[in-house]
Amino acid sequence: MNKKEEKGITVKKSENISEWYEQVCLKSDLVEFAVVKGTMVIKPKGYAIWEKIQSYFNEKINKPLGVKNAYFPLFIPESFFKKEAEHAKGFNPEVAWIDKELTKDGERLAIRPTSETIMYDSYSRWIRSYRDLPLKINQWCNIVRWETNTTKLFLRSREFLWQEGHCVYETEKECEKDTLKVIELYKKLSEDLLAMPVLIGKKTEKEKFAGAKHTYTIEAFMPDGKALQCGTSHNLGQSFAKSFGISFLGRDEKKHTPWQNSWGISTRLIGGLVMTHSDDKGLVLPPEVAENKLVIIPILFDKTKEKVIKKAKEIEKMLSVFNPLIDLSEEYSPGYKFSEYELQGIPLRIEIGPKDIEKKEVVIVRRDNGKKIAAKIKDLKRIIKEELKNMQKEMLERAKDKLYSNIVETKSKSEFKSAIKERKIAFTRFCGDPSCEKKIKEETGATSRCTPLNANKKITGDCPFCGKAAKTMIYFSKSY
RNA sequence: GGGGCUAUGGGGUAGCCUGGUAGCCUACGAGGUUUGGGACUUCGUGACCCCGGUUCAAAUCCGGGUAGCCCCA
């Protein structure tokens, strides 16, 4: 085995995507496996991506939506957890229970799989009148869902990081408006920051959040033909408020039950990001999420070394706004360094050697398409800014083309089956019946993704699976 | 949920069938020569997943556990 195969990615994305994905995650140093099954260490390079997502999203919700960040405990008493029957039923199989110590009342404690229940217990004490509403709280935290099935770095782990927003409103209208606003924000985050296009829509009765009135979702599509649910926003209606005794004295001086929503995105997005853009050389990061937008690699020869290092440092200073890396080490050859930073997904590489200095130029190389650009040093800052912008835009466009070219409108059961078999997204008429949906899953392995938000409400024709009248158009595919 | 494969220095592996000295590449440390696509060289540090069984003797055979991967649902 030669050196190339050991440090770099040894399998092709097109040949064994599962193995390829794992190698990219590990070798680009985003993450490593931890001792306990389904857990991982998110290393500084991986965590930096999460911090980008955090700061992008905080900026969108804190001032514009009036959401405050807070923190609630990890442990949830069993009685809280069971208060909302549908919710408890939906989550019970994957809750991790602590049996070490019981509460004063002899109850077990759950490690939060989501925080509706512990937060709404507080809310029931915080909310007294319409003047306390709307109440809009978000928390960034870890949660645990005890997956018994296959786990996968970022995409399906037992513990993961997320944000969960939990808001309370006087009226159904306000509540629904924000619920939709947040799912639109998620779509924007995914597309503008991560360059990862998504389908946006509404979940079926079968797939909605346990305890919710309805759930909106964004769904990305991975290159192996599986959909990835990337973010959800739930209109919880009034059922949690009723279960947790949240009520308020209205403007009419009468007692009312408020409306609630909850919404979340997680470190799963990082997995989607890796899957979507990376290639056989390693990680590819859209410039917007990259901590370091570029790396400067001087080409060093004995005679010209000092001159080149000096120039490289000047350029580093000039480009400080892009938070550049510079690799002055002399132990490794330039080729080695090229490969290394490609593996890490640094968007642009600047090569500077004696020949370039003579021409007052540097060579810029784009990570996403390998294109080399000779740039005059005086124009460098402007050109880099443009290339970063183009790269971000083109990465999204390429991913969009892939997404849309994988959607097939199917009119019959057999068309549907072959679309799923070819690992495409089938767009089909559907009756909406959970038992029909269950059968589809058993027969084809596909689950419903979502009904587009702008879908025409009046569908004519029957459900190709059960023959009953179709209610909606909907996307189906295999999924993570 | 069902089936299959794997586990050896920090990383990648050979050895396992046929039990007996753990070999190689890389990384790491020290030195010398190099540098426009993963340079060369000398010396050095460093390993058999866990529990049990068989045996004079186990990385190797047997049983159990744990973790990872793949395929199917």
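Under numbering that gives the first Met the number 0, the first residue of the first sequence carries the number 0, and numbering increases by one thereafter. Think of the CB as a built atom: it goes at the ideal place given N, C-alpha and C, for glycine as much as any other residue. Just so it is clear, the structure is predicted and the values come from calculations on it, not from any experiment.
Taking Arg-381 as part of the beta strand (DSSP E), name the residues at either end of that continuous run.
Mapped onto the first sequence, residue 381 falls at position 382. From DSSP, Arg-381 is part of no beta strand (DSSP E) but of the alpha helix (DSSP H) over 379–404.
Measuring alpha carbon to alpha carbon, tell me which residue in Gly-210, Leu-192 and Asp-301 is nearest Glu-290.
Here the question's residue 290 lines up with position 291 in the first sequence. Taking only the C-alpha atoms, the option nearest Glu-290 is Leu-192.
At 4 residues or longer, and completely inside the segment 248–323: list those alpha helix (DSSP H) runs for me, N to C.
Listed in chain order, they are 267–276 and 304–317.
Could you check the C-alpha separation between Lys-212 and Phe-247 for me, to the nearest Å?
Indexing the first sequence from 1 puts residue 212 at position 213. Indexing the first sequence from 1 puts residue 247 at position 248. One C-alpha to the other measures close to 21 Å.
Kindly give me the distance between the Cβ atoms of Leu-154 and Leu-272, rounded to whole angstroms, as I take these residues to be in contact under 8 Å.
Here residue 154 refers to the residue found at position 155 when the first sequence is read from its first residue. Here residue 272 refers to the residue found at position 273 when the first sequence is read from its first residue. At roughly 11 Å, the Cβ-Cβ gap does not stay under 8 Å, so Leu-154 and Leu-272 are not in contact.
Does Leu-134 come out as helix, strand or coil in the three-state DSSP assignment?
Locating residue 134 in the first sequence gives position 135, counting from the first residue. Of the three classes helix, strand and coil, the one that applies to Leu-134 here is strand, per DSSP.
Rounded to whole angstroms, what is the Cα-Cα separation between Ala-418 and Val-407?
Taking the first sequence and counting its residues from 1, the one referred to as residue 418 is at position 419. Taking the first sequence and counting its residues from 1, the one referred to as residue 407 is at position 408. So the alpha carbons of these two residues sit roughly 7 Å apart.
Roughly how many angstroms separate the alpha carbons of Ile-8 and Pro-222, rounded to a whole number?
As a working mapping, residue 8 is identified with position 9 in the first sequence. As a working mapping, residue 222 is identified with position 223 in the first sequence. Whole-angstrom Cα-Cα distance: 17 Å.
Could you tell me the alpha carbon to alpha carbon distance between Asp-326 and Ser-238, rounded to whole angstroms?
The residue labelled residue 326 in the question sits at position 327 within the first sequence. The residue labelled residue 238 in the question sits at position 239 within the first sequence. Cα to Cα, the separation comes out at about 58 Å.
Give me, in chain order, the residues of the same chain whose beta-carbon lies closer than 8 Å to that of Asp-120; leave out the 5 immediate sequence neighbours on both sides.
Reading the first sequence from its first residue, position 121 is the one you call residue 120. Only Phe-79 and Phe-243 meet the Cβ criterion.
Is the beta carbon of Leu-134 closer than 8 Å to that of Cys-166?
Counting from one through the first sequence, the residue named residue 166 turns up at place 167. Counting from one through the first sequence, the residue named residue 134 turns up at place 135. Taking 8 Å as the Cβ cut-off, Cys-166 and Leu-134 qualify as a contacting pair.
Give the DSSP bridge partners of Tyr-168, in chain order.
Within the first sequence, residue 168 is the residue found at index 169, counting from 1. Per DSSP, Trp-258.
Indicate whether Ile-110 and Val-143 have their beta-carbon atoms separated by less than 8 Å.
Mapped onto the first sequence, residue 110 falls at position 111. Mapped onto the first sequence, residue 143 falls at position 144. Yes, they are a contact pair.
From the DSSP output, read off the bridge partner residues of Glu-350.
The sequence position of residue 350 within the first sequence is 351, counting from 1. In DSSP, Glu-350 forms a bridge with Ile-296 and Val-362.
Check whether the Cβ atoms of Gly-37 and Ser-114 lie closer than 8 Å to each other.
Walking along the first sequence from the start, residue 37 turns up at place 38. Walking along the first sequence from the start, residue 114 turns up at place 115. No, the pair does not count as a contact, with Cβ atoms beyond the cut-off.
If I measure Cβ to Cβ from Lys-44 and keep anything under 6 Å in the same chain, skipping five residues before and after, which residues do I get?
Taking the first sequence and counting its residues from 1, one reaches residue 44 at position 45. Only Asp-28 and Leu-29 meet the Cβ criterion.
Is the beta carbon of Lys-225 closer than 8 Å to that of Ile-136?
Residue numbering aside, residue 136 sits at position 137 when the first sequence is read from its first letter. Residue numbering aside, residue 225 sits at position 226 when the first sequence is read from its first letter. Not closer than 8 Å, so no.
Are the CB atoms of Lys-51 and Gly-281 within a distance shorter than 8 Å?
As a first step, residue 281 must be located in the first sequence, where it is residue number 282. As a first step, residue 51 must be located in the first sequence, where it is residue number 52. No, the Cβ-Cβ distance between Gly-281 and Lys-51 is not below 8 Å.
Just to confirm my understanding: we take Ser-404, look at its own chain, exclude 5 residues before and 5 after, and list those with CB closer than 7 Å. What are they?
Translated into the one-based positions of the first sequence, residue 404 becomes position 405. Result list for Ser-404: empty, nothing under 7 Å.
Do you know how far the Cα of Arg-428 is from the Cα of Pro-463?
Stepping through the first sequence from its first residue, residue 463 is reached at position 464. Stepping through the first sequence from its first residue, residue 428 is reached at position 429. Their backbone Cα atoms lie some 7 Å apart in a straight line.
Which complete beta strand (DSSP E) runs does the segment 174–213 hold, if anything under 3 residues is left out?
Correct list: 198–201.
Identify whether Asn-61 lies in helix, strand or coil by the three-state DSSP scheme.
The sequence position of residue 61 within the first sequence is 62, counting from 1. The answer is helix: DSSP assigns Asn-61 an H, G or I state.
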